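When you line the sequence shown up against the working numbering, it's residues 99 to 459, in that order.
Beneath this line is the structure, given in structure tokens, with notes to follow.
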Amino acid sequence: MPYEVQGVVAAGKGEPVSVRTVIVPDPGPGEAVVNVQACGVCHTDLHYRDGGINDEFPFLLGHEAAGVVEAVGPGVTGVAPGDYVILNWRAVCGNCRACLRGRPWYCFNTHNAAQKMTLEDGTPLSPALGIGAFASKTLVAAGQCTKVDPDARPAVAGLLGCGVMAGLGAALNTGNVTRGDSVAVIGCGGVGDAAILGASLAGAAKIIAVDIDDRKLDLAGGFGATHTVNSRTTDPVEAIRELTGGHGADVVIEAVGRPETYKQAFYARDLAGTVVLVGVPTPEMTLELPLLDVFGRGGSLKSSWYGDCLPSRDFPMLIDLYLQGRLNLDGFVSETIELDQVEEAFGKMHRGEVLRSVVVL
99 MPYEVQGVVA AGKGEPVSVR TVIVPDPGPG EAVVNVQACG VCHTDLHYRD GGINDEFPFL
159 LGHEAAGVVE AVGPGVTGVA PGDYVILNWR AVCGNCRACL RGRPWYCFNT HNAAQKMTLE
219 DGTPLSPALG IGAFASKTLV AAGQCTKVDP DARPAVAGLL GCGVMAGLGA ALNTGNVTRG
279 DSVAVIGCGG VGDAAILGAS LAGAAKIIAV DIDDRKLDLA GGFGATHTVN SRTTDPVEAI
339 RELTGGHGAD VVIEAVGRPE TYKQAFYARD LAGTVVLVGV PTPEMTLELP LLDVFGRGGS
399 LKSSWYGDCL PSRDFPMLID LYLQGRLNLD GFVSETIELD QVEEAFGKMH RGEVLRSVVV
459 L
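This is the structure in structure tokens:
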């Protein structure tokens, strides 16, 4: 029998979100219904509300979530009712060319639930990143559920579902940061701070945080930054070079997603160093670089998709590290809020007042 719950819906481009009644169907083949316990407020939700991703309104927002499986559909074997899970937006298929080559983190055929959640009048909802977790229950593909240790509190665990994983993975998986490396991170929001945390976990010797906001730079120190640079008043390329013996950083992670900051990352790396783009650009942005510089500086220019993570591998490991006291995930939770405070949380996020507001249900 379908479930009737309250959820945060973006009805039209740029319109304030509202709490509406949402109908969640029983899970079909390969699907699961999850009781959402907590869900972070991510910039991606704001992009959906503002029409920056697509125009498939109305959207059911929310995707950085943890909760308990309520029910599963036919054929589901990986999770069962009662399992404590983190939701992810890349349920791998196991059959595409990436999966068959042993690189499922690049899966080219990720999928979501086949059925649609709806409003009371039957209007189908587009769930943000195929999740839609600003609701007490949501319908997802069973492969979007990753079992983790239930001792991790939901407000923290759910953040691995998107932004924190993207940043950690940009350092650990895409950037391959290793012991003794010098690392610079440009942009110290939630994703950038997670990249700093990942570099620290990997044993980087020097971690340089770059931002235009001193408040964010202060927070970056709590995640492992050894040096900070305010790029509003200081040339970040020159500062990073000065801090690395005139050479540039071994790995530079760009967590803003703008051509200007990407160029800074490109020129702030050492010869044969690595640039990782994890900040998400908008469709109209273009980049121009001298091709001779691209050739002459060598190294690697990489894009990080979801931190190149494999949820079944990475989520349980990271939660274990958190429970051991080795991974400061608590530092990302700036406040906990109710469903009807999401619009207010968007404003705080836009003004840079929080790393993450987390809806607790």
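Quick reminder that beta carbons are idealized off the backbone N, C-alpha and C, glycines included.
The structure displayed is predicted, hence computed values, not measured ones.
- Query: Rounded C-beta distance between valine 131 and arginine 118? I'm assuming under 8 angstroms.
  - Reply: Valine 131 to arginine 118, Cβ: 18 angstroms. No contact.
- Message: Which residue marks the beginning of the beta strand (DSSP E) containing leucine 453, and which one marks its end?
- Response: From DSSP, leucine 453 is part of no beta strand (DSSP E); its letter is neither H nor E.
- Message: For a quick check, are the C-beta atoms of glycine 322 and valine 289 less than 8 angstroms apart?
- Response: no
- Cα-Cα separation, lysine 214 to tryptophan 203: Approximately 26 angstroms, taken between the alpha carbons.
- Task: Spell out the partners DSSP gives valine 166 in its beta bridges.
- Result: Asn133, Tyr182
- Counting only the same chain and skipping the five closest in sequence on each side, list residues whose C-beta sits under 6 angstroms from that of proline 296. In the sequence on display, residue 296 carries glycine and not proline. Excluding positions up to five away in sequence, the list reads Leu266, Ala269, Leu270.
- Item | Environment of proline 114 [buried if 16+ CB atoms lie within 10 Å] | exposed
- Item | Member of Gln439, Val122, Ser398 whose CA lies at the smallest distance from the CA of alanine 370 | Ser398
- By Cβ distance below 6 angstroms, which residues in the same chain neighbour leucine 149 in space, the five residues on each side in sequence not counted? Inspection of the sequence shows that residue 149 is occupied by glycine rather than by leucine. If we look at glycine 149 and ignore the five residues flanking it on each side, its Cβ neighbours are Lys111.
- Task: Identify, in the order they occur along the chain, each residue of the same chain with its Cβ nearer than 7 angstroms to the Cβ of proline 127, setting aside the five sequence neighbours on each side.
- Result: Gly171, Pro172, Gly173
- What residue range is occupied by the uninterrupted alpha helix (DSSP H) comprising aspartate 311? Here aspartate 311 belongs to no alpha helix (DSSP H), and DSSP marks it neither H nor E.
- Can you grab the Cα-Cα spacing for the pair proline 123 / glycine 261, in whole Å? Rounded to whole angstroms, proline 123 to glycine 261 spans 28 angstroms at the Cα level.
- Query: Grouping DSSP H, G and I as helix and E and B as strand, with all else coil, what is isoleucine 151?
  - Reply: coil
- To which residues of the same chain is alanine 169 closer than 8 angstroms at the C-beta, ignoring the five residues directly before and after it? Asp124, Pro125, Ala130, Val131, Pro179
- Apart from the five residues on each side of it in sequence, which residues of its chain come closer than 6 angstroms, Cβ to Cβ, to leucine 427? Val254, Tyr420
- Pull up the distance between the alpha-carbon of glutamate 382 and that of aspartate 249, whole angstroms please. 44 angstroms
- isoleucine 294 and isoleucine 305 look like a contact to me (Cβ under 8 angstroms); what is the Cβ gap, rounded to whole Å? Contact between isoleucine 294 and isoleucine 305 holds, since their C-beta atoms are separated by about 6 angstroms, short of 8 angstroms.
- Expressed to the nearest angstrom, what Euclidean distance is found between the alpha-carbon atoms of glycine 450 and phenylalanine 444? When the Cα atoms are used, glycine 450 and phenylalanine 444 turn out to be separated by approximately 10 angstroms.
- Task: Could you spell out where the alpha helix (DSSP H) holding arginine 339 opens and where it closes?
- Result: 334-341
- Cα-Cα separation between glycine 287 and lysine 314, rounded to whole angstroms: The alpha-carbon atoms of glycine 287 and lysine 314 are separated by roughly 7 angstroms.
- Task: Counting only the same chain and skipping the five closest in sequence on each side, list residues whose C-beta sits under 7 angstroms from that of asparagine 186.
- Result: Gln242, Thr244, Gly259, Pro409
- Secondary structure at glutamate 386, three-state DSSP: helix, strand or coil? coil
- Item | Three-state secondary structure (DSSP) of proline 114 | coil
- Task: Assuming threonine 142 and alanine 226 form a contact by the criterion Cβ under 8 angstroms, report the distance between their Cβ atoms to the nearest whole angstrom.
- Result: 7 angstroms
- Have a look at valine 308 and valine 440 and give me their C-alpha separation to the nearest angstrom. So the alpha carbons of these two residues sit roughly 28 angstroms apart.
- Message: Using the three-state DSSP reduction, which class does glycine 192 fall into: helix, strand or coil?
- Response: coil
- Query: Nearest CA to the CA of alanine 352: which residue from Gly344, Asp291, Asp391?
  - Reply: Here the sequence assigns glutamate to residue 352, which means alanine is not the residue at that position. Ranking Gly344, Asp291, Asp391 by Cα distance to glutamate 352 puts Asp291 first.
- Message: What residue range does the beta strand (DSSP E) around valine 327 cover?
- Response: Per DSSP, the unbroken beta strand (DSSP E) holding valine 327 starts and ends at 325-328.
- Query: To the nearest angstrom, how far is it from the Cα of threonine 221 to the Cα of leucine 389?
  - Reply: 50 angstroms
- Task: Compute the distance between the beta-carbons of alanine 347 and alanine 282, then report whether it is under 8 angstroms.
- Result: yes
- Message: Bridge partners for glycine 138 per DSSP, in chain order?
- Response: Answer is Glu162, Val456, bridged to glycine 138.
- Message: Please report the straight-line C-alpha distance between leucine 223 and arginine 147, rounded to a whole angstrom.
- Response: 13 angstroms
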